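Q: Just so you know, we're using the numbering used here here: the sequence shown kicks off at 28 and counts up by one.
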Amino acid sequence: MKILFLGDVASTPGREALAKHLPTLKAQHSPAITIVNGENAAANGRGLTAADAQAIFTAGADIITLGDHTFDQKGTEELLAANPRLIRPANYPAGTIGRGATTFTVQHGPHAGKKVTVINLMGRVFMRPLVDCPFRTADALLKEHVLGQTADAIFVDFHAEVTAEKTIFGHYLDGRVSAVVGTHTHCPTNDYHIRPGGSAYQTDAGMCGNYASSLGVTYESVLPTFLTGTPSRFEQSRGEATLCGTLITLGENGLATAIEPIKTGGILGA
């Protein structure tokens, strides 16, 4: 069974590239499930609207994960309440609207009927300070979602800033989940591998956005901040986007047998 995961969709270029390239990727790799991080999908790069979510689903996503910009657009609460295929980090404090994990039943192909649990968690280092501990939240979730028992596969999107936090988190969950893949920093890392316990890992899947930019923001709008130390108004890049992500192959036990990076379109694409 294969899981296709695409990193942060960055603004309009990311959504346009998703619509253009994702159907081809799915036809080429035949994933059982396609997961997309949509927390930067809005036109201003912060959160996503109902129209953005619909565009991502229409392009071919089965599940959308989020991150620190989850609630930056009006109406997100209603979206989270209404759609179980749209999840936000599970370690937002108790009482926060929405769900942090969901289980998807594969609909088609040789793995139809298989259950894939998707968990979204957020780091705490240099991130929003009020989220709960991702490690303990993961422990609680993995008592409910057990690989090989309640789920045939468990995928974790760990939305975090710091490499050290991501790598130790991947170590912490090794053997208990199918894969831990990081998002948020928008730069695809070259450390994709399978951990000793059988979990696939990559520090960051990269963004689906224009790489001729500063993480999806125009160079011209960011540069004054670095030259003067004063705030400047960031503008989202409008150039052609590259889709970046990860393709993970699982064995019958739900653990990984292969992991490879995905890049297509734009200046990074093959």
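C-beta: ideal position from N, C-alpha, C; glycine also.
Nothing here was measured: the structure is a model prediction, and the numbers come from that model.
Give the C-beta separation of H56 and G74 to the nearest angstrom, bearing in mind that I take them to be a contact with Cβ-Cβ under 8 Å.
A: Taking the sequence shown and counting its residues from 1, one reaches residue 56 at position 29. Taking the sequence shown and counting its residues from 1, one reaches residue 74 at position 47. With 8 Å as the limit, H56 and G74 do not qualify as a contact, their Cβ atoms being about 29 Å apart.
Q: Considering only residues of the same chain and omitting the five flanking positions on each side of G296, which have a CB-CB separation below 6 Å?
A: For this step, residue 296 is matched to residue 269 along the sequence shown. Correct list, in chain order: T269 and K290.
Q: Report the option in V152, V204, T103 and M154 whose CA atom is closest to the CA atom of A165.
A: Walking along the sequence shown from the start, residue 165 turns up at place 138. The shortest C-alpha separation from A165 is found at V204.
Q: Go ahead and label Y246 buried or exposed: buried means 16 or more other beta carbons lie within 10 angstroms of its beta carbon, across all protein chains shown.
A: Your numbering for residue 246 matches position 219 in the sequence shown. Exposed.
Q: Give every residue of the same chain whose Cβ lies closer than 7 Å to the Cβ of E188, excluding the five residues on either side of it in the sequence, and list them in chain order.
A: Within the sequence shown, residue 188 is the residue found at index 161, counting from 1. Closer than 7 Å at Cβ, skipping near neighbours: G150, V152, F153, M154, H211 and T212.
Q: With DSSP as the reference, identify every bridge partner of E247, one or two as the case may be.
A: Taking the sequence shown and counting its residues from 1, the one referred to as residue 247 is at position 220. BP columns for E247 are empty, so no partner.
Q: My assumption, with CB atoms under 8 Å, is that A206 sits in contact with A232. Please give the rounded CB distance.
A: Sequence index remark: in the sequence shown, residue 206 carries index 179 (1-based). Sequence index remark: in the sequence shown, residue 232 carries index 205 (1-based). No, A206 and A232 are not in contact; Cβ-Cβ is about 11 Å, not under 8 Å.
Q: Based on DSSP bridge pairs, tell me the residues matched to H186.
A: Against the sequence shown, residue 186 aligns to sequence position 159. BP columns for H186 point to M149 and T210.
Q: Do the region 188–200 and the region 96–106 make contact, defined as three or more Cβ pairs closer than 8 Å?
A: No, the region 188–200 does not touch the region 96–106.
Q: What does Q263 pair with, by DSSP beta-bridge criteria?
A: What you label residue 263 is simply residue 236 of the sequence shown in a count that begins at 1. Q263 is bridged to V244.
Q: Please tell me whether S259 and G243 are closer than 7 Å, where the distance is taken between their beta carbons.
A: As a working mapping, residue 259 is identified with position 232 in the sequence shown. As a working mapping, residue 243 is identified with position 216 in the sequence shown. Taking 7 Å as the Cβ cut-off, S259 and G243 do not qualify as a contacting pair.
Q: Mark Q229 as exposed unless 16 or more other C-beta atoms lie within 10 angstroms of its C-beta, in which case mark it buried.
A: Locating residue 229 in the sequence shown gives position 202, where the first residue counts as 1. The residue is buried, with at least 16 neighbouring Cβ atoms inside 10 Å.
Q: Counting C-beta neighbours from all protein chains within 10 Å, is the total for K170 16 or more, i.e. buried, or is it exposed?
A: The count along the sequence shown starts at 1 and reaches residue 170 at position 143. With fewer than 16 Cβ atoms within 10 Å of its Cβ, K170 is classed as exposed.
Q: Would L148 and A117 qualify as a contact pair, given that the criterion is a beta-carbon distance under 7 Å?
A: What you label residue 148 is simply residue 121 of the sequence shown in a count that begins at 1. What you label residue 117 is simply residue 90 of the sequence shown in a count that begins at 1. For L148 and A117, yes; Cβs fall inside 7 Å.
Q: Which of the three DSSP states is assigned to Y199 in this structure?
A: Reading the sequence shown from its first residue, position 172 is the one you call residue 199. Helix, per DSSP.
Q: Count the other CB atoms within 10 Å of the CB of I62; is the residue buried (16 or more) or exposed (fewer)?
A: Along the sequence shown, one-based indexing puts residue 62 at 35. Buried, by the Cβ-count rule.
Q: Can you look up P58 in the DSSP assignment and give me helix, strand or coil?
A: In the sequence shown, residue 58 corresponds to position 31, counting from 1. Coil, per DSSP.
Q: My assumption, with CB atoms under 8 Å, is that V143 sits in contact with A37. Please give the rounded CB distance.
A: Within the sequence shown, numbered from 1, the residue matching residue 143 stands at position 116. Within the sequence shown, numbered from 1, the residue matching residue 37 stands at position 10. Not confirmed; about 25 Å, so no contact.
Q: From the beta carbon of T164, is the nearest beta carbon of chain C less than 7 Å away?
A: Structure shown: chain C not included; a single protein chain is present.
Q: Would you mind stating whether A44 and A86 have Cβ atoms separated by less than 7 Å?
A: By one-based count along the sequence shown, residue 44 stands at place 17. By one-based count along the sequence shown, residue 86 stands at place 59. For A44 and A86, no; Cβs fall outside 7 Å.
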